[in-house]
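Working notes for the structure below.
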Amino acid sequence: MSSLLFATPKELTGWLAKLASGYRVLAPRQEGPSVVYRPQTAEQLASADIDALLRRATASPKQAMLPQCETLVTFKSVKDAEDPSKLTTTLENPCQAEPTVLFGCRPCDARGFVVLDRPYLEGKFKDPYYGARREATVIVTQACPSAFASCFCNWVGSHPSDKEGSDILFTAVEGGFVLEVVTDKGQALVEGAGFADAADKVADVEAAHAAAAASLAPAPELTHVMEKVASRFTDTEFWEKETVKCLSCGACTYLCPTCQCFTITDEGSQLDGRRLRSWDSCMTPLFTLETSGHNPRPSKADRMRNRVSHKFSFYPERYDGFFSCVGCGRCVVSCPVSLDIRHMVKAAVEGSSLTFDDAAPAESPAVEAVPAPEAPAVAEPAPEAVAEPEQAAAPKAQKPAPKAAPRASSKSKAKKR
Amino acid sequence: MSVLAGKELRIVGFLCNWCSYGGADTAGTARAVQPTDLRIIRVPCSGRVNPLFVLKALINGADGVLVSGCHPRDCHYSAGNYYARRRLELLKEFLPVIGINPDRFEYTWVSASEGQRWKDVVTNFTNRIHALGPAPRWEDVPARYDRPEELIESIRPLGCGAHPALPELKQAIKDALAAGLEGVLGWKQGFDAIHAEPVFMTTPEEVDSLIWGPFNVHNLAVYLPQYKGRKIGVVVKGCDSKGVVELLAENLISREDVKIFGMGCNGTVNVSRILAKLPEGATIESCVGRGNKIVVTAAGQDYEMSMAEIAQDKCRLCTKPNAVLSDVFVGTPTIEPAAPADGRLPALRFLDSLSLEERMGYWKGQMERCIACHACRGACPMCVCRDYCVSDTRDPAWVTQEDTVQQKLFFQLIHAQHLAGRCTGCAECERACPMDIPVFALKQQFGRMIQKIFSYGAGLDVNATPPLLTYQVEEPTIKEHDLA
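Residue numbers (the numbering used here), protein chains in the order written: chain V, -5 to 411; chain A, 188 to 671.
And the structure:
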């Protein structure tokens, strides 16, 4: 491990309070039953209850880099006094990135930014708005103390103490926190903080990480996810069955740390207005509605196919096999009808009719092979509660799932950066 | 809208073409001296005035809004102003809940010949608005994040044990499937023991997965319109059945297409309340209900909680625990309590205790965290426009894409306004909200005002006409507001 520092809860909040003078500090705050990231002042941070700052946020911290709505450009046109057909248009680009500390996000959230970086920063056209915020933000991540029932970061090649995407990763140990500096940006942030060295706490940190990993339900053995999900593209019956209960509300996409789609609209008048970029959701019909009135994805089954395929097939195809799902489980836990993406992916893969020769090196990311968890069954005696563990959702027409083959070289690209 | 700073205020007037606009003209022709604050928008009829016009103006900074039409019995279209009177009276009663002074809005009647009367109306209304001063701006109001934590006492015994009649219900559904029903909507266990999920049961095995108990929170009536024309069944709690009745009343589904299965409901839980009692992230191993207590086993430990602590608020005040309409009702009906003295849910009680400005602050604090996902709309059984919601259109642009409190709240006002007289009070909008915003309070405000003015409750009678779709020439419960 790189440099390790120890901070007591008081030192940690004191440090954040001090940072608030030079940075916008975004930290979780309880509002009603939900927890949201809010800019907090030095006074708020100095007196903050540390447990409140460590809560997992209801919505992902995506908006730190990709706000729900941002002004891309403001425009104003003035008519020439002599010749009103002549317009002088001035454009202003209000792109401003405040220096920001994003405190308390989870490893999955931090990894979400890595997922967003690829479409926004890679290739020929870089997004300057996203890029400026990304540049100006230091991410201080909390290693998860334990997993939620909805967590599945281990399905997508991560774990509860993953450092990917973080500048600093801190872990709760007896009496305080051990901060591990991951990047230079993180190093600059702890410079002069006066934290003690924590080289002697390595064992505690490792024990905490191991305990968190153990609290996560084992991931099922799923191979060739990318191809198998892709092969479902024309299987309308499968998606219809999976989305019977979907309400098409789009909460899943807005809560997701990696959903990246937006819409652009002009507000104001033609002569004086703002061009806005705001979140959009592929779960709504408007997303694909064309001017002619034709909608290429008219049903919720089509739209769900897009969402799941984007995360588990299109994106990995485009970006070296990385999934664009980080397994935070927000879409599962906050879905009004408890629709479970894990269930859909598992059903899509297990019921797939594709077969692969797994002795050859796998070309697609393989998910860690561990025995599938039993859905938590409900104890006696309430007969209504003894529900069937959820499984067997593969459409009847499909062939039975191919027996899980030994995972030869399935670390594959998913682990490669 | 430019105003003479320091002299004028922003007042918007919606005037009917045939009477009031003519009246204003008459006043002008007669050289009547009038204040100049009013900005007039001519509409064909006062019945054309969508209450959302008024709300949009007020939310976006108008200091006052005046609607004026033909006198009753004198409408150019016979009855437009009768409908307007009902809608606008209801709107006036609604406004305080979002912190807008109802005096900032008025509706009245002026005929084309009444130039003098128009002058008096506009003078008196402008003077009233000047006395109130500029409307408080959302930007300036301090946001407040406090909300009521009190639990209201239940008016009926709540339970979460096994329902003895469940096997009988399953058998009835299996029989109906065998007799040709395409499928039946019900609930099964979700991803853990404290979450249920809707299921469309088509096989006997799927029927075996049906559960009935405190986790059956979803109102399955929401799915019915999409099955229109197909013979299906639906399992309902009392509150859900009201949604089915309202859909039938509005002719959005047909009675012969839907078979309703009911059982007595003993209340459902607010899952957030259970989670709040467990350590964060604790994995739920099992959950057992007995009597009025459930025991949740999480992370190796047992947590006992009573329904008094975890029940949904709406269940505590529910007077219709049994299906109000059903084809198959299984088991003994639950006792139906008399209507409570105070039917307000905690959020509305809390709002009532605040000043107008504090209420604005309350909504500001709540709506700030709205992510505009519109799960409230998705979960609402009465939101039947589905893919064609008026808030999604760009023309007319009811809401912009901006993420301001005004825009997000205005979406909620569209929802509430479109549910006035139709909302059956299932509160699914609030349960579905991933950010736990108490949006149901807006619908409940409309609901209680409809009860007060029209003595009407939605979802109880298939043959009832909703109060906003009808009128009386003399409205005994509406006191006319004379501005002249």
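Every residue, glycine too, gets a C-beta built ideally from N, C-alpha and C.
Since the model is a prediction, treat every value here as computed from it, not as a measurement.
For the alpha helix (DSSP H) that residue i lies in, which residues bound it at each end?
i	result
A:E617	E615 to A619
V:M413	Any property of residue 413 of chain V remains undetermined from this structure, which presents chain V solely from -5 to 411.
V:C325	R324 to V327
A:R635	F627 to F641
V:K235	T230 to E236
V:F256	No alpha helix (DSSP H) contains V:F256, which is instead part of the beta strand (DSSP E) from F256 to G262.
A:Q594	V592 to H605
A:K375	Element bounds for A:K375: not the alpha helix (DSSP H) but the beta strand (DSSP E), G370 to Q376.
V:F107	P101 to L115
So residue i is in the beta strand (DSSP E); what residue range does that whole segment cover?
i	result
A:I447	V445 to M450
A:Y270	A:Y270 -> not in any beta strand (DSSP E); alpha helix (DSSP H) instead, spanning G267 to F281.
V:L81	L81 to E86
A:M388	A383 to M388
Taking the alpha carbon of residue i as the reference point, which residue from the options has its own alpha carbon closest?
i	options	result
V:L39	V:S28, V:R271 and V:K12	V:K12
A:G451	A:V511, A:D590, A:D489 and A:L245	A:V511
V:A58	V:C276, V:V95, V:F171 and V:K120	V:V95
A:L191	A:A349, A:T223 and A:P663	A:T223
A:L596	A:L239, A:C570 and A:K194	A:L239
A:V220	A:Q303, A:F201 and A:Y270	A:Q303
A:A562	A:G234, A:L541 and A:F627	A:F627
V:R297	V:G267, V:F232, V:Q24 and V:I44	V:F232
A:D529	A:E545, A:G646 and A:R503	A:R503
V:G159	V:V167, V:D178 and V:S144	V:D178
V:E344	V:T217, V:V302, V:V331 and V:V238	V:T217
V:L241	V:T165, V:K157, V:F256 and V:C329	V:C329
What residues from chain A crowd round residue i, counting only those whose CB sits closer than 8 Å?
i	result
V:Q62	I558, A559 and D590
V:V219	Simply none; closest approach about 20 Å.
V:V30	R556 and M622
Could you tell me which chain A residues have their CB closer than 7 Å to the CB of residue i, listed as they occur along the chain?
i	result
V:S160	Those do not exist, as V:S160 stays about 19 Å from chain A at its closest Cβ, beyond 7 Å.
V:T52	P621 and M622
Listing by chain order, which chain V residues have their CB less than 7 Å from the CB of residue i?
i	result
A:S459	P27
A:V517	Within 7 Å Cβ-Cβ: nothing; A:V517 doesn't reach chain V, min ~13 Å.
A:Q587	Sequence check: residue 587 of chain A is Thr here, not Gln. By Cβ distance, chain V contributes E261.
A:R531	Near A:R531 there are no residues of chain V at all, since even the closest Cβ is about 18 Å away, more than 7 Å.
A:P385	K239 and V331
If you draw a straight line from the alpha carbon of residue i to that of residue j, how long is it in whole angstroms?
i	j	result
A:R460	V:F69	48 Å
V:P290	A:K415	23 Å
A:G454	A:D250	44 Å
V:P396	A:K429	The predicted position of V:P396 is uncertain, since its pLDDT is 39 and thus under 50; no value can be drawn from it.
V:P383	V:H337	Its pLDDT being 42, under 50, V:P383 is placed unreliably by the model, and nothing is read from it.
A:E467	A:L411	36 Å
V:E378	A:I398	With a pLDDT of 42 at V:E378, under the threshold of 50, the modelled position of that residue is not reliable, and no figure is offered here.
A:V386	V:N300	22 Å
A:G478	A:G348	5 Å
V:K73	V:G262	17 Å
V:F350	V:H304	22 Å
A:I481	A:R291	50 Å
V:R105	A:L439	46 Å
A:K630	V:A1	48 Å
V:E362	V:V172	With a pLDDT of 46 at V:E362, under the threshold of 50, the modelled position of that residue is not reliable, and no figure is offered here.
Output, in chain order, the set of chain V residues within a Cβ distance shorter than 9 Å of residue i.
i	result
A:A614	Ordered by position in chain V, no residue passes the 9 Å Cβ test against A:A614, which lies about 12 Å from the chain.
So with CB distances below 8 Å, who are the chain V contacts of residue i?
i	result
A:Y332	E25 and G26
A:H382	S332
A:D500	Result: empty, since nearest Cβ-Cβ is about 13 Å, beyond 8 Å.
For residue i, which residues in chain A fall below 9 Å Cβ to Cβ?
i	result
V:C253	Correct list: empty, because the minimum Cβ distance to chain A is about 11 Å.
V:F146	Ordered by position in chain A, no residue passes the 9 Å Cβ test against V:F146, which lies about 10 Å from the chain.
V:T257	Q588
Positions along the stretch 411 to 422 of chain A whose CB lies within less than 7 Å of some CB in chain V: From the stretch 411 to 422 of chain A, no residue has a Cβ closer than 7 Å to chain V.
Contact set between the stretch 306 to 329 of chain V and chain A, restricted to residues whose Cβ is under 7 Å from the partner: Those residues of the stretch 306 to 329 of chain V that come within reach of chain A (Cβ to Cβ, closer than 7 Å) are V326 and S328.
Short-range partners of chain A found in the stretch 32 to 53 of chain V, where Cβ spacing is below 8 Å: Residues of the stretch 32 to 53 of chain V that bring their beta carbon within less than 8 Å of a beta carbon in chain A comprise R49, R50, T52 and A53, in sequence order.
Chain A contacts from the stretch 259 to 286 of chain V (Cβ-Cβ distance under 8 Å): Per Cβ criterion, the list reads T259, E261, L270, S272, W273, S275, T278, P279 and L280.
Selection of the stretch 229 to 252 of chain V by Cβ proximity to chain A, strictly under 7 Å: Listed in sequence order: V238, K239, L241, S242, C243, G244, A245, Y248 and L249.
Where the stretch 333 to 344 of chain V meets chain A: residues whose CB sits under 9 Å from a CB there: So the close ones are L333, D334, R336 and H337.
Contact list for the stretch 130 to 144 of chain V against chain A, Cβ threshold 9 Å: Answer in chain order: C138, P139, S140, A141, F142, A143 and S144.
Interfacial residues, the stretch 463 to 474 of chain A to chain V, with Cβ spacing under 9 Å: Correct list: A463, P466, E467, G468, A469, T470, I471, E472, S473 and C474.
Contact list for the stretch 574 to 586 of chain A against chain V, Cβ threshold 7 Å: Residues passing the 7 Å Cβ filter: D574 and D579.
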